[in-house]
Amino acid sequence: MANTFFKPKDGYLADCMPFYHKGVFYIFYLKDYHDKEKYPEGVSWNLACTKDFIHFEDKGEVLKHHGKNDQDLYLYTGCVTEREDIYHMFYVSHNPYFPQQGKPRQGICHAISTDLLHWNRCPEDDFFSSGSEYEIDDWRDPLVFWNEEEKRYWMLFAAKRVSGPPKGRGVTALAVSSDLIHWEICDPIYDSGRYIVPECPDMFCIGEWWYLIFSEFSDEFMTRYRMAKSPYGPWIEPEKDTFDGRAFYAAKTCEADGSRYLLGWNPTRKGNTDFGDWEWGGSLIVHKLFQRPDGTLGVSLIKELTESFTKNIEINIQDTYLGSVDMEGDGFVVNGESTLSTVNLGKMPEAGIISLDYEVYDEKGGFGLWIRGSEDFEEGYYFRIEPHKQRVVMDMWPRDRITDPVQISGRDTNPYRPGLYQMILPDVCEKGHIEFIFDDSVGVLYLTDGTALNTRMYSLKGENWGVFTRNTKVLFSNIQLRTIESLG
102 MANTFFKPKD
112 GYLADCMPFY
122 HKGVFYIFYL
132 KDYHDKEKYP
142 EGVSWNLACT
152 KDFIHFEDKG
162 EVLKHHGKND
172 QDLYLYTGCV
182 TEREDIYHMF
192 YVSHNPYFPQ
202 QGKPRQGICH
212 AISTDLLHWN
222 RCPEDDFFSS
232 GSEYEIDDWR
242 DPLVFWNEEE
252 KRYWMLFAAK
262 RVSGPPKGRG
272 VTALAVSSDL
282 IHWEICDPIY
292 DSGRYIVPEC
302 PDMFCIGEWW
312 YLIFSEFSDE
322 FMTRYRMAKS
332 PYGPWIEPEK
342 DTFDGRAFYA
352 AKTCEADGSR
362 YLLGWNPTRK
372 GNTDFGDWEW
382 GGSLIVHKLF
392 QRPDGTLGVS
402 LIKELTESFT
412 KNIEINIQDT
422 YLGSVDMEGD
432 GFVVNGESTL
442 STVNLGKMPE
452 AGIISLDYEV
462 YDEKGGFGLW
472 IRGSEDFEEG
482 YYFRIEPHKQ
492 RVVMDMWPRD
502 RITDPVQISG
512 RDTNPYRPGL
522 YQMILPDVCE
532 KGHIEFIFDD
542 SVGVLYLTDG
552 TALNTRMYSL
562 KGENWGVFTR
572 NTKVLFSNIQ
582 LRTIESLG
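Residue numbering for the sequence shown follows my numbering, starting at 102 and increasing by one per position.
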């Protein structure tokens, strides 16, 4: 297995707090072990450093949680910023037992450092909701940055109003400060009335546009964004307001040498089976953000990962299932206009990148990649682009058979994995480029319109891959499969 998607050796990575400094990405992250019996209760801040998102140095724990009688039993999401050569960490202290004692469940805390590795708490700076406007138990995920126009620091954080519809009281709250110690609570920046709590806020500016990113679990588990000409709004909800699907959460950004990166995590599934519940924590996923001419945002595969897969694997048509295949230039046309036509292009390694171009002759059906398939075409994962529905979905066959010896209650027979879909823009319904990067159980699909789709792949163990069409006709060309030299 390659180290394409970072995770700590003895656990799993959850929310990331990235900070870029002098050519190094300092990725502060929350860590879970998925083993409550072996490890004590609580969550600490950990740190991994990298210059290229390929080679990581895991520094381990840098801010340790305390016990069940302390406010900071769980240290949750926050940020790191710099002021006059001093680094400031803002984080959430969380104790789920405190509400029973009449104490706040959550508070925002402060720590400082001179080297980003060793941190000193500043308990005198902790602050909590007064309970008059916002609930005392939802007060979390601080993001702090210098607002150049106002010459003061802004803190965005997730909060919930004390009144209103239960599922719509969540806001992105705002506090301001001149010294990073004393904070004045202002009116919320974003109050849509739609979310329980919009978590993990992030804000930045590119050109004339301001962007607000948050993650929500009210409608779906998704990371979304809004855009405006002012950091105060009014906020526009773009037609496509997500970057990725269910398997990408709590994403935050950092800017490095003129590029901006979006860091989130791909969760594991209970029992390492495709039918297990999503778990908290998994592997690091990094997208590169880009701005379209209309100001909307998209994501792409970072070049560092692309360039790490240097060994080309020869591709030949091994077999086909139904339909017809006609060679055309450096590619071939797969005709499945009245059926499902699948083409086996050979064996796939444990880790690699598949890339190809496509052109659609008829937009009434679906087409895409067939992954980890069996030689008899009876099994496989499908990334299916559906132009007529303007979406891409992750599917699998068989859908209703549990192939692992883990007892999971309820079988999912939906036509695609719940949440593993993304809306696509009209341009890629006709032609476009696909990149699919995979390593062990993690796979990420990228389309040229700036859409990404993360997934986990556990249960099916086939070694074959290829393309397919269903009720349509598609030209596939410029097909490549690359792996890492050491993987053979």
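By construction, the Cβ of each residue, glycine as well, lies at the ideal position given by its N, Cα and C atoms. Just so you know, these numbers come straight off a predicted model, no measurement behind them.
Item: Sufficient close CB pairs (3 or more, under 8 Å) joining the region 551 to 558 to the region 488 to 499; Value: yes
Item: Collapsed DSSP secondary structure at residue 539 in the structure displayed; Value: strand
Item: Coil, strand or helix - residue 377 by DSSP; Value: coil
Item: Burial state of residue 296, where buried means 16 or more other Cβ atoms lie within 10 Å; Value: buried
Item: Contact the region 396 to 407 vs the region 346 to 354: 3+ CB pairs below 8 Å; Value: no
Item: Separation of residue 401 from residue 529, as counted between CA atoms; Value: 14 Å
Item: Whole-Å CB distance - residue 113 paired with residue 373, under 8 Å assumed; Value: Not confirmed; about 12 Å, so no contact.
Item: Expected contact under 8 Å - CB spacing of residue 304 and residue 313 to nearest Å; Value: 5 Å
Item: Whole-angstrom distance between residue 192 and residue 237, CA atom to CA atom; Value: 16 Å
Item: Own chain residues within Cβ distance below 6 Å of residue 397, not counting five before or after; Value: 339
Item: Sequence ranges, beta strand (DSSP E) only - wholly within the region 181 to 268, length at least 3; Value: 187 to 195, 207 to 214, 235 to 248 and 253 to 262
Item: Selected residue, minimal CA-CA separation from residue 500, among 545, 480, 413 and 463; Value: 480
Item: Entirely enclosed alpha helix (DSSP H) segments - the region 440 to 476, minimum 4 residues; Value: none
Item: Option nearest residue 561 by Cα separation, candidates 526, 184, 532 and 476; Value: 476
Item: Segment contact flag, the region 449 to 465 with the region 529 to 543, C-beta cutoff 8 Å, min 3 pairs; Value: yes
Item: Cβ neighbour criterion (16 or more within 10 Å) applied to residue 284; Value: buried
Item: Same chain only: Cβ atoms within 6 Å of residue 425, ignoring 5 sequence neighbours per side; Value: 436
Item: Buried or exposed (CB count within 10 angstroms, at least 16 for buried), residue 575; Value: buried
Item: Limits of the alpha helix (DSSP H) - the one that residue 574 falls within; Value: From DSSP, residue 574 is part of no alpha helix (DSSP H) but of the beta strand (DSSP E) over 565 to 584.
Item: Cα-Cα separation, residue 169 to residue 585; Value: 46 Å
Item: Rounded C-alpha distance that separates residue 569 from residue 412; Value: 25 Å
Item: Residue 548, buried or exposed, once every other Cβ within 10 Å from all chains shown has been counted against 16; Value: buried
Item: For residue 489, three-class secondary structure by DSSP; Value: helix
Item: Extent of the continuous beta strand (DSSP E) run through residue 401; Value: 398 to 402
Item: Where residue 340 sits in the DSSP three-state scheme; Value: coil
Item: Presumed contact (8 Å Cβ cut-off) between residue 213 and residue 223, rounded CB distance; Value: 6 Å
Item: Local Cβ density within 10 Å of residue 247, reported as buried at 16 or more and exposed below that; Value: exposed
Item: Same chain, Cβ closer than 6 Å to residue 571, neighbours up to 5 away in sequence not counted; Value: 437, 441, 466 and 467
Item: Collapsed DSSP secondary structure at residue 174 in the structure displayed; Value: coil
Item: As assigned by DSSP and simplified to three states, the class of residue 405; Value: helix
Item: Beta-ladder partner(s) of residue 324, from DSSP; Value: 316
Item: Coil, strand or helix - residue 168 by DSSP; Value: coil
Item: Per-residue DSSP class, three states only, for residue 330; Value: coil
Item: Three-way DSSP call (helix, strand, coil) for residue 371 in this model; Value: helix
Item: Cα-Cα separation, residue 506 to residue 141; Value: With a pLDDT of only 38 at residue 506, under 50, the local geometry of the prediction cannot be trusted, and the value read off the model is given with reservation. In a straight line, the C-alpha of residue 506 is about 28 Å away from that of residue 141.
Item: Residue 120 versus residue 145 - alpha carbon distance; Value: 17 Å
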